[in-house]
Amino acid sequence: MGPEYAAAQPTLLDRIAQAISDWLAGLVLPSGNGLGGWIPLVLLLLLIVGIVVAFLVWGLPRINRRSRATDGLFGADERRTAAELRKDASAAAARGDFTSASLDAFRALARGLQERTVVAVLPGTTAHDFAAQGAAAFPDLSPGFGGAADGFDATRYAGAPGTPELYRSISDLDAAVSGRSAVLPDLVERS
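According to our numbering, the stretch in the sequence shown is residues 464 to 654, in order.
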């Protein structure tokens with residue numbers, strides 16, 4: 464076959480478009496008593512219903528990825544919301560358990576800023592990584608974030624006991640950021 468004949472052949476895209484067109488043309492409603500024309504239409508409707516049911520049961524993939532990412536918090540499998548963590552921290556402080564109170568208060572601070580999408584706390588994020596993100600979002604509170612991260616690490620990993628002062632300082636920092644807007648980084652470099 465010569466080059467002039469090869470150029471006249473339909474391209475792959477043309478053949479795909481023709482196949483789709485032929486399939487859609489075959490989906491016309493039946494004109495007689497036979498059921499043959501209804502089968503493709505019923506299959507198409509079942510496919511659509513199946514997709515809708517799948518979204519209702521499993522949700523959107525993006526939402527599932529986000530919820531999985533929020534399960535880990537500083538090396539712990541932590542699924543509580545910021546409000547739940549604050550409540551548990553307050554209850555622990557009322558019992559005099561300032562170690563648990565301080566740890567839960569720090570996690571509440573991190574989860575609260577994560578829920579507001581001010582910071583990204585992913586599995587593997589350390590307390591100091593979070594503190595750096597928090598300090599960037601609230602520059603005037605930078606020393607508070609550093610002190611809170613140091614206290615969390617000392618209590619969680621070095622075995623230092625939590626203190627009422629540590630709990631109060633973390634809770635006060637959490638209260639301070641909860642009523643404020645974060646500073647957004649410059650996205651465009653100025654010349």
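Heads up, the beta-carbon is just placed ideally off N, CA and C, and yes, glycines get one too.
Here the structure is a predicted model, which means the values were calculated and not measured.
Would DSSP call residue i helix, strand or coil?
i	result
leucine 585	coil
alanine 539	strand
aspartate 579	A small fix is needed here, since residue 579 is arginine in this sequence, not aspartate. Three-state DSSP puts arginine 579 in coil, outside helix and strand.
arginine 574	helix
alanine 611	helix
glutamine 472	coil
serine 563	helix
Return the CA-CA distance between residue i and residue j, expressed in angstroms with no decimal places.
i	j	result
leucine 548	serine 605	22 Å
phenylalanine 593	tyrosine 620	16 Å
alanine 545	glycine 575	5 Å
leucine 585	alanine 612	16 Å
leucine 519	valine 512	11 Å
glycine 522	alanine 470	47 Å
proline 503	alanine 517	21 Å
leucine 510	glutamine 577	38 Å
leucine 508	aspartate 485	19 Å
Within its chain, find whatever has a CB closer than 6 Å to the CB of residue i; leave out the 5 residues flanking it on each side and keep chain order.
i	result
alanine 598	Ser605 and Phe608
glutamine 596	Val582
Which same chain residues end up closer than 7 Å to residue i when comparing Cβ atoms and leaving out the 5 residues on each side of it in sequence?
i	result
arginine 529	In this prediction, arginine 529 scores a pLDDT of 48, lower than 50, which makes its location untrustworthy; no coordinate-derived value is stated.
So residue i packs on residue j, CB below 8 Å; how close in whole Å?
i	j	result
tyrosine 630	alanine 556	5 Å
alanine 638	phenylalanine 615	At roughly 17 Å, the Cβ-Cβ gap does not stay under 8 Å, so alanine 638 and phenylalanine 615 are not in contact.
isoleucine 633	alanine 568	4 Å
Is the beta carbon of residue j closer than 8 Å to that of residue i?
i	j	result
arginine 643	phenylalanine 601	yes
alanine 480	valine 581	no
alanine 552	alanine 564	yes
Under 8 Å Cβ to Cβ from residue i, same chain only, skipping five residues before and after it: list those, please.
i	result
proline 624	Phe561, Thr562 and Thr618
threonine 588	Phe537
proline 473	Gln481
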